[in-house]
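Protein chains in written order, with the working numbering: chain H, 203 to 654; chain C, 514 to 615; chain S, 176 to 346; chain R, 40 to 712.
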């Protein structure tokens, strides 16, 4: 008898030790080591600073406090995104240079890094030319409107855990609402210049943006449907899975410990990666449609017919120079970041990611990856024709996004996840197959490449 | 705090501005614009009633939503009509479109 | 809050007046866009966020663009020189609208329910709107969708090119 | 109920699904289509193996027969019930069909390599495989008939796969119509059978139409009911299995691609008739006259087709007539009471005939679609693998000792001999015909092998023939293996103790008594076959294999050869009688329709309408028009006074509306206060 009792006590002791150890590991959460506190500190660094500053305003006049809070929201955006914009212009030129087998900017600063600064100075000091018969008021209004729209779109993007300028409960809708302003602005720019190229560019841009707005919004709708909220924060949070590791009662040896560790790593990875909507069939197709439509919404290559240099000089900003042109340029890149940010938020898990990077690090990394793909696309794809553009939007993207919504609904209602996965994947895959046959028909031939 | 009367007065003013636009301008497009403005003013009324008068069951907002949808349809058809008329008469002046014979 | 309301009221009234009185059609359209944005602001101030966003999407994003297109396609920006942008008998129109305003103002003045200020400002979540649309207002919702489809088809048919052999067509 | 029985429907469903998906593919999607179809077939094959294993495992000391029935739809009190049955017969057929189909699908990848309608081909193949598998497991008259017609349809589609060739288009129509003639009988038989038994299910826990209770009812009825139903159903089997006189479509069906010939018109579909008789065997047993008819028809067909095969030049036609002949053998076997023998021959025949057809496909593919054996020759050095496998197939077909055909043919002959001994007199005809048929079979196969593989190349295409790809040779090897060893499953008792036990017999019909093997018949048939091979070898060598030389038989008996070469003029006979009669009838009906019916109805009614319209015009012009004009002018005068309200200016209206609203408002105020 005594032996059994002893064993029992020993066992209890072992269990206690293991429990403590497991708790310790659980606190870490980050499988790659490093203190949880450290991670928390880096992750929430900016949030905490902001909170500290706001704490100081207690007891102030409410208007002043509100003003401080506003400044705290606006100033970082106005600092960070234009900086990224400058770097992006540099990176784009460098990348395109590499793709086209040339150097890209390399004179100003190390590897041409200060080129954006030089460009900025140049545009600021240039003469602001307004065509004589142009509508001066609208001509000035248009670039300002575009920039405002572009920056407003950034306000609903969660850029990290607890980091969002404004957590609106209609966040996604707000994004699209703001996005629609830029269409008007481009049209006004095109019209007010009194130049046929500008006008043509503006018209083309409107036609294109209106057409692609539909699949753009419908593809985003799937994520909204599945999460059941228009709030971007909720959508991001929904992309974290809740897998829980069961802590073992007793560690018997190194092998088991290693297994437990690997399991933890896998669960961690799964929690923060596998929940991304893009890993589900509707999410994948939704993201693809979203990304293609985003290219068109941004008037980027291969959908850059509104600014096709060889046809209509520079589209709606043909008659713009100096600072107004810089505003257009900036608006274009800011809205590119915003749209990439929305894509990341809706489909790529937002700031979710294994905790080897802080949450804001993941967000910006994903944005950079998407922007890199956009630049890459620009370097490789030829421009499409207008009829191809329209046919693609109305005959392929629109039906595909509608079917995708249907698939998302089916996903919601099928109880078994693997079954839902398989069914929607087969459904969407075959739908894509059939639609692509209808759109492309028999005209597609294998392209012959001849190399010099 | 602004009261319901303030919003209703504002809506009435905007409605009458829209009405004036529809009644006085020669260009058919501006007539349509006036009509849109009147619809918007009516929407303010709906939302204001929803906001100020209990019970807030959402009827006001949803009615406004329907009104927006109808306004959208109306604008599409109206402007298509204007374009068709322009193509036929080479004019968008409502005074030139007085006869049924064309 | 009164302050915000007055800003919005001034904004919408000014832009609305400009939209119906300016001579240049494109400026009218710009003023109209400002007017629509102001209305959206009023919706936001009334805590109807969803409606405000819809207002921006539908009016600024779609209807304003449509109007801009219509203006462009009819190519009659400033009207004929020396001809008033107002139609004959415009004075009667002003008088009629003023009379309508007087009637409305008279009726809402001193109405007992107008002075009520709610204790808590109501709010309506988006999913609640969706639920209402799909349950209580399902039939109107379907009818509206039918109407929109009909309007779409109708607009396309109306704006289609007429046969080329008719006289009086642009070449 | 075991899992496999409940899910037996999966076996045909997978190929159907693959066919459906493949139908949506574009032409360029060759590889996915092939993968999909072959993959689906492989799964079906695995499931068939499971089914077979289930039957084997459960079948010790008794036969297993499990049916899964369900109600398709009900109307009123009655319901249409469908079902699947898993018994040794269906398990055996499942194995044969899915195995041969799988191999032939793989072969087709190589054979159809250059065809632009590759995906369509695989779609049809998969459709066929699905319907054949459904046919095999059907436990209901209705389901059986549906699958029966589906295999007919897919056969039709595949024969006419190259429908741009007029001959293929004609062949597909011929096949369809000829089998349809048999199917009419089949359908009437089914309906009759359904009426008599009152159930559409074959096996239904004692209540099925093929179970003793219901069959007892039919037997008790007496008269010719059982015989009539059996013979009507046999009509369908005759059509599908190419029994005389409905055999004419089968040789023409060789217009289809060779894998199709191998799969459908040699190994599986044409055996459906035999399978049908096998499935309906309890019914046929009710009246011995029915089985006797089957035996005589089979015996006649076996001999008749074998003679034709001796004088054909087309490599595939020889094999086609050989198929007809072998199908006759199977019918003979079934008819003389050798249930197991007939089906065993079906089993082995599927392998070696598929092998022969695939071998001929390989040859044809190598010789650039040359099918005339006079233009081949000397291929044994150029295509060694094909040669070896082809010889294995030919020996198996001829029935040489260790090969598969020997055992099955011998068993049929054994049963025929017992049949003759039991009944005497004319009952010895099947046995004699079978023996002569065996001789002829060995002879024409020797002739064909000599022509194709020996001597010198007799055409340009043949000289440049090259061995086919492994896509094609792999299935050949697998089938060759089966052709050699499948026969041992039916190794008769008591000859060699250790193999012993006629495995196949025990599997298929454990409660049926097997006849003791007779050494005399074995020796006799072996002798006959060896003599035939020797004769063939001697006749077709040397000068006979030179280019441009005629057949030595033709030189000897030109008249006979001409009759045989023209297939006894059966086609011409049909053209002069049935076809001519149909044409004449159609022409007569056309005449009646055009000149007699038209005259009376069309012209008569037209005249009446014309007279009525004249009267109508008179009334219209005088009475109605004048009154209307008067009314209109009055209206116009009145309208002039209203015009000032409607001046057409929309804003004018709007203003009036606004003013009216205000007026109404004021009115309401005045009245309300």
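All C-beta atoms in this analysis are idealised placements derived from N, C-alpha and C, irrespective of residue type, glycine included.
So, for residue i: in the same chain, excluding its five sequence neighbours on each side, which residues have a beta-carbon less than 7 angstroms away from its beta-carbon?
i	result
residue 242 of chain R	104, 106, 124, 178, 249 and 250
residue 183 of chain S	213, 216, 217 and 220
residue 174 of chain R	183, 186, 187, 190 and 311
residue 186 of chain H	Any question about residue 186 of chain H goes unanswered here, given that chain H covers just 203 to 654.
What residues in its chain sit with their C-beta under 6 angstroms from that of residue i, if we drop five residues either side in the sequence?
i	result
residue 524 of chain C	554, 557 and 558
residue 306 of chain H	295, 296 and 299
residue 232 of chain H	Residue placement at residue 232 of chain H is poorly supported in this model, since its pLDDT is 46, which falls under 50; the coordinates still yield a value, given next. Here the set comprises 241 and 557.
residue 247 of chain R	240 and 241
residue 328 of chain R	266
Can you find a C-beta in chain R that's less than 8 angstroms from the C-beta of residue i?
i	result
residue 269 of chain S	no
residue 639 of chain H	yes
residue 235 of chain H	At residue 235 of chain H, the pLDDT of 48 sits below 50, so the modelled position is not reliable; the number obtained from the coordinates is stated separately. False, the Cβ-Cβ gap to chain R never drops below 8 angstroms.
residue 607 of chain C	yes
By Cβ distance, which residues of its chain are closer than 8 angstroms to residue i, with the 5 residues on each side in sequence left out?
i	result
residue 427 of chain H	607, 610, 611 and 614
residue 353 of chain R	293, 410, 411 and 412
residue 517 of chain H	392, 399, 400, 402, 403, 404, 406, 407, 501, 508, 509 and 510
Opposite residue i in the DSSP bridges: which residues?
i	result
residue 540 of chain C	C:606
residue 108 of chain R	R:122
residue 117 of chain R	R:114
residue 240 of chain R	R:179
residue 312 of chain R	Per DSSP, none; premise fails for residue 312 of chain R.
residue 427 of chain H	DSSP output for residue 427 of chain H lists no bridge partner at all.
residue 362 of chain H	H:365
residue 411 of chain R	R:353
residue 261 of chain S	C:538
My guess is that residue i and residue j are in contact by the Cβ rule of under 8 angstroms, so how many angstroms apart are they, rounded?
i	j	result
residue 520 of chain H	residue 400 of chain H	5 angstroms
residue 472 of chain H	residue 443 of chain H	6 angstroms
residue 625 of chain H	residue 616 of chain H	6 angstroms
Could one say the Cβ of residue i lies closer than 8 angstroms to chain S's Cβ atoms, at least one of them?
i	result
residue 519 of chain C	yes
residue 700 of chain R	yes
residue 400 of chain H	no
residue 610 of chain C	no
residue 412 of chain H	yes
residue 548 of chain C	no
Nearest chain H C-beta to residue i closer than 8 angstroms, yes or no?
i	result
residue 197 of chain S	no
residue 239 of chain S	yes
I'd like to know whether the C-beta atoms of residue i and residue j end up nearer to each other than 8 angstroms.
i	j	result
residue 480 of chain H	residue 493 of chain H	no
residue 495 of chain H	residue 356 of chain H	no
residue 160 of chain R	residue 154 of chain R	yes
residue 352 of chain H	residue 491 of chain H	no
residue 75 of chain R	residue 90 of chain R	no
residue 279 of chain H	residue 539 of chain H	no
Taking 7 angstroms as the cut-off, does the CB of residue i come closer than this to any heavy atom belonging to the ligand PLP?
i	result
residue 271 of chain H	Inclusion of the ligand PLP in the displayed structure is not the case, the ligand content being empty and no account of it being possible.
Can you pull the chain A residues whose beta carbon is under 8 angstroms from the beta carbon of residue i, in chain order?
i	result
residue 593 of chain C	Here chain A cannot be found, since the structure's protein chains are H, C, S and R.
Does the beta carbon of residue i come closer than 8 angstroms to any beta carbon on chain C?
i	result
residue 69 of chain R	no
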